[in-house]
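For the sequence shown, our numbering gives the first residue as 1, with consecutive numbering after it.
Heads up, the beta-carbon is just placed ideally off N, CA and C, and yes, glycines get one too.
Note that the structure is predicted; figures quoted are calculated from it, not measured.
Just below is one structure, and these are the notes that go with it.
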Amino acid sequence: MNIEHEIQKRRTFAIISHPDAGKTTLTEKLLLFGGAIQTAGAVKSNKIRKSATSDFMDIERQRGISVATSVMTFEYNNLFINILDTPGHKDFAEDTYRTLTAVDSVILVVDSVKGVEEQTEKLMNVCRMRKTPVIIFINKLDREGTRPFELMDELERKLEIKVRPLTWPIGMGRGFKGVYNLHEKNVYLFKPGKTTIEDQRLLINDLDDSVLDEKIGSDAGRLREDVELIEGVYDPFDIGDYLSGIVAPVFFGSALNNFGVRELLETFVAIAPPPKVRETDQRIVEPEEEKFSGFIFKIHANLDPRHRDRIAFLRVCSGKFERDKYFHHVRLNKNLRFNNPYNFMARNKSIIDEAFPGDVIGLYDRNNFKIGDTLTEGESFTFRGIPSFSPEIFKELVNTDPMRSKQLDKGIEQLTDEGVAQLFTQQDGRRKIVGTVGELQFDVIQYRLEHEYGASCRFQSMNYAKACWITSDNPAKLDELTRAKSRHIFYDKDDNPVFFAESQWLLNSAIENFPEVEFHFTSEFKTDSVIVNSGREAI
Ligand code: G4P
């Protein structure tokens, strides 16, 4: 088996968006075009209804469904396409950030009516940090939205990335006529309410073709002007710039109407990168290496309380993963083998015998794994670039049943290993702070601690608003800060010191007062995190 050949066939990516922009709809349409599903409606939204944030059935359903749709694989044009699903709810954003560590590129969906929204900006920050190649899909062109040139400016300004339209809309809302493909120089006409995926291409030889005037009337003149402006303003599309994360090609369409999706998919398969090299704490790992390596980026608890096992999602980075073969768990320094590893075809899971770089497989786990763990064929290294991100909400964990402290400790330890939230402890180990990006996680944690571990707790609000990992080349300076601000210093699960501040202002003042200390918004310092002292906030 030629591993190089297998690698070149893989495209592993995620579709990301602010909730409601159309991620689920687009995912489904890509699966339809890819032939992985036959009918619309097969991919269920994994969103929790906004009105039901405390409805635990919905939380459970959310978790259940996202296990089923965590990875969707289909074959298109001889390529194996792996779409990694990301949660639709903003409170699960950290899950999305981590999923981004396991992909080689992303498609970012933007709602043409709402433009760039808060979550879009945050997700883009992670992509920019990792130099992930991004394709942008502007959705909902069947509605009256922002004018396309304004939208281009907004994308560049808010997402801090250069954009290059590859298709261009003709009208919008009720007057939406279709899109012009700037590369192929042809027009796709839009028929509202279309649910089939047949080709809607209208070939024209050049923009001056009078067929265009016949078909789209006065919009033809506007299109000609727009195209002239685009070619004048934007540099020609450079695939190298896309692959380096410098420029994002932009497509327009309406996922609900199957429109513009084919161009997106065809361009995606033509330009999206195959699995790339990955950095570890020891050396760079090439996908073509003979020996297997991979890392865990996501862990799901089993919903069935009778089974304590969990499912760990592993991204294969090099070599060949084989069922029943012993692999080395670097952190635990122990060898493990897996009888029933599985992969996913649309919504079905099946046991696999082997997997290649770019693939994501599910491993049954009995608490051996935590997020970021590396598996190898013997070598000891740990993949980098799977950091924890600074949480946004902090609450103190208060035990309300002292008889069951052990259960509580074990439960919170395991849940935070799964990445449900982050745990910070004060030096004496007495105060425990749970940090999340959303309120909903606290409900999930409390519910799971009670139902899975028989522990009971409550969360006490804290005034902290910011947390930064702190490092310094000068240990004395770090000591000085941790002593002077001891009330504000907690330790993460790997014993790294973290500075907690009540406000950005207080954080800034600490930064000013301790110029030799570096403040980081992610737990990985050397390559990925952006240092506050050097000016920019990561997330
Ligand atoms: P998300 O995963 O990003 O959160 O978004 P999702 O695909 O669930 O889409 C959010 C809403 O936007 C859905 O409507 C969906 O039908 C609609 N939508 C998606 N693409 C388009 C489009 O191209 N045009 C228009 N007009 N709407 C679009 P909903 O009412 O919230 O849900 P549903 O009842 O339709 O499922």
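Closer than 8 Å to chain C by CB, residue 502: This model lacks chain C altogether, as it is built from one protein chain only.
C-alpha distance - residue 400 paired with residue 296, whole-angstrom precision: Along the sequence shown, read from residue 1 onward, the residue named residue 400 stands at position 400. Along the sequence shown, read from residue 1 onward, the residue named residue 296 stands at position 296. Each residue's alpha carbon lies about 33 Å from the other.
Residue 255: CB within 7 Å of a non-hydrogen atom of the ligand G4P: Taking the sequence shown and counting its residues from 1, the one referred to as residue 255 is at position 255. Correct: residue 255 has its Cβ closer than 7 Å to the ligand G4P.
Anticipated Cβ contact below 8 Å, residue 524 with residue 391, distance rounded: Taking the first residue of the sequence shown as position 1, residue 524 is located at position 524. Taking the first residue of the sequence shown as position 1, residue 391 is located at position 391. Not really, about 15 Å apart at Cβ, beyond 8 Å.
Inter-residue Cα distance where the pair is residue 521 and residue 487: Mapped onto the sequence shown, residue 521 falls at position 521. Mapped onto the sequence shown, residue 487 falls at position 487. If I take the Cα positions, the gap works out to 20 Å.
Touching by the beta-carbon criterion (3+ pairs, under 8 Å), the stretch 272-284 and the stretch 84-97: no
3 or more residues per run - each beta strand (DSSP E) lying fully within the stretch 9-34: 10-17
Residue range of the alpha helix (DSSP H) that includes residue 511: Position 511 of the sequence shown, counting from 1, holds the residue named residue 511. Run containing residue 511: 504-513, per the alpha helix (DSSP H) assignment.
Assigned secondary structure, residue 337 (DSSP; H/G/I helix, E/B strand, else coil): Position 337 of the sequence shown, counted from the first residue, corresponds to residue 337. Coil at residue 337, not helix or strand.
The stretch 19-36 touching the stretch 258-272, judged by at least three CB pairs closer than 8 Å: yes
8 Å CB neighbourhood of residue 82 in its chain, flanking five on each side removed: As a first step, residue 82 is located in the sequence shown; it is residue number 82 there, counting from the start. For residue 82, where only same-chain residues beyond five positions count, the Cβ hits under 8 Å are 10, 11, 12, 13, 71, 72, 73, 358, 359 and 360.
Three-pair Cβ contact test at 8 Å for the stretch 481-498 versus the stretch 421-428: yes
Three or more C-beta pairs below 8 Å linking the stretch 223-230 and the stretch 109-124: no
Rounded straight-line distance, which links the Cα of residue 191 to that of residue 109: Mapped onto the sequence shown, residue 109 falls at position 109. Mapped onto the sequence shown, residue 191 falls at position 191. Roughly 21 Å between the two C-alpha positions.
Same chain, Cβ closer than 7 Å to residue 6, five either side skipped, listed in chain order: Residue numbering aside, residue 6 sits at position 6 when the sequence shown is read from its first letter. The answer, listed in chain order, is 356.
Cβ-Cβ separation, residue 132 to residue 385 (assumed contact under 8 Å), whole Å: Stepping through the sequence shown from its first residue, residue 385 is reached at position 385. Stepping through the sequence shown from its first residue, residue 132 is reached at position 132. Residue 385 to residue 132, Cβ: 10 Å. No contact.
Residue 271, enclosing alpha helix (DSSP H) - first and last residue: For the purposes of this step, residue 271 is taken as residue 271 along the sequence shown, with counting starting at 1. Element bounds for residue 271: 261-271.
DSSP three-state assignment for residue 368, whether helix, strand or coil: Translated into positions along the sequence shown, residue 368 becomes position 368. Residue 368: coil per DSSP, three-state reduction.
Integer Cβ distance of residue 179 from residue 252, believed to fall under 8 Å: Within the sequence shown, numbered from 1, the residue matching residue 179 stands at position 179. Within the sequence shown, numbered from 1, the residue matching residue 252 stands at position 252. 5 Å between Cβ atoms; contact.
Neighbourhood of residue 453 by C-beta distance below 6 Å, restricted to the same chain and skipping five residues each side: Position 453 of the sequence shown holds residue 453. So the qualifying residues of the chain are 407 and 411.
Assumed close pair residue 170, residue 155 - CB separation to whole angstroms, cut-off 8 Å: Residue numbering aside, residue 170 sits at position 170 when the sequence shown is read from its first letter. Residue numbering aside, residue 155 sits at position 155 when the sequence shown is read from its first letter. 20 Å between Cβ atoms; not a contact.
Residue 403 in three-state terms, based on DSSP: Within the sequence shown, the letter at position 403 stands for residue 403. Helix, per DSSP.
Beta-carbon proximity of residue 560 to residue 280, cut-off 8 Å: Only positions 1 to 539 of the chain appear in this structure, which leaves residue 560 out of reach.
Buried or exposed (CB count within 10 angstroms, at least 16 for buried), residue 441: By one-based count along the sequence shown, residue 441 stands at place 441. Looking at its Cβ environment, which holds 16 or more other Cβ atoms inside 10 Å, residue 441 is buried.
Residue 214 versus residue 274 - alpha carbon distance: Residue mapping note: residue 214 aligns to position 214 of the sequence shown, counting from 1. Residue mapping note: residue 274 aligns to position 274 of the sequence shown, counting from 1. Taking the straight line joining both Cα atoms gives about 42 Å.
Inter-residue Cα distance where the pair is residue 78 and residue 325: On the sequence shown, position 78 is the one that residue 78 refers to. On the sequence shown, position 325 is the one that residue 325 refers to. When rounded, the distance between both Cα atoms is 28 Å.
Residue 22 vs residue 255 beta-carbon contact at 8 Å: Locating residue 22 in the sequence shown gives position 22, counting from the first residue. Locating residue 255 in the sequence shown gives position 255, counting from the first residue. In contact: residue 22 and residue 255 (Cβ atoms closer than 8 Å).
Residue 421: CB within 7 Å of a non-hydrogen atom of the ligand G4P: Residue mapping note: residue 421 aligns to position 421 of the sequence shown, counting from 1. Answer for residue 421: no, Cβ out of range of the ligand G4P.
Contacts around residue 459, its chain only, beta-carbon distance under 6 Å, and the 5 residues preceding and following it disregarded: Along the sequence shown, read from residue 1 onward, the residue named residue 459 stands at position 459. These residues qualify, in order along the chain: 395 and 442.
Residue 282, enclosing beta strand (DSSP E) - first and last residue: Locating residue 282 in the sequence shown gives position 282, counting from the first residue. Note, residue 282: premise wrong, no beta strand (DSSP E); not H, not E.
C-beta atoms of residue 161 and residue 270 nearer than 8 Å: Looking up residue 161 in the sequence shown gives position 161. Looking up residue 270 in the sequence shown gives position 270. Going by C-beta atoms, residue 161 is not nearer than 8 Å to residue 270.
Per-residue DSSP class, three states only, for residue 56: Numbered from its first residue, the sequence shown carries residue 56 at position 56. The predicted model places residue 56 with a pLDDT of 43, which falls under 50 and marks its position as unreliable; any figure quoted below should be read in that light. Helix, per DSSP.
Run of the alpha helix (DSSP H) containing residue 210, from where it starts to where it stops: Along the sequence shown, read from residue 1 onward, the residue named residue 210 stands at position 210. It spans 210-216 - the alpha helix (DSSP H) in which residue 210 sits, taken as one unbroken run.
heavy atom of the ligand SAH below 7 Å from residue 23 C-beta: With respect to small molecules bound, the structure shown includes the ligand G4P and not the ligand SAH.
Beta-bridge partners of residue 137, as assigned by DSSP: Stepping through the sequence shown from its first residue, residue 137 is reached at position 137. According to DSSP, residue 137 bridges with 109 and 251.
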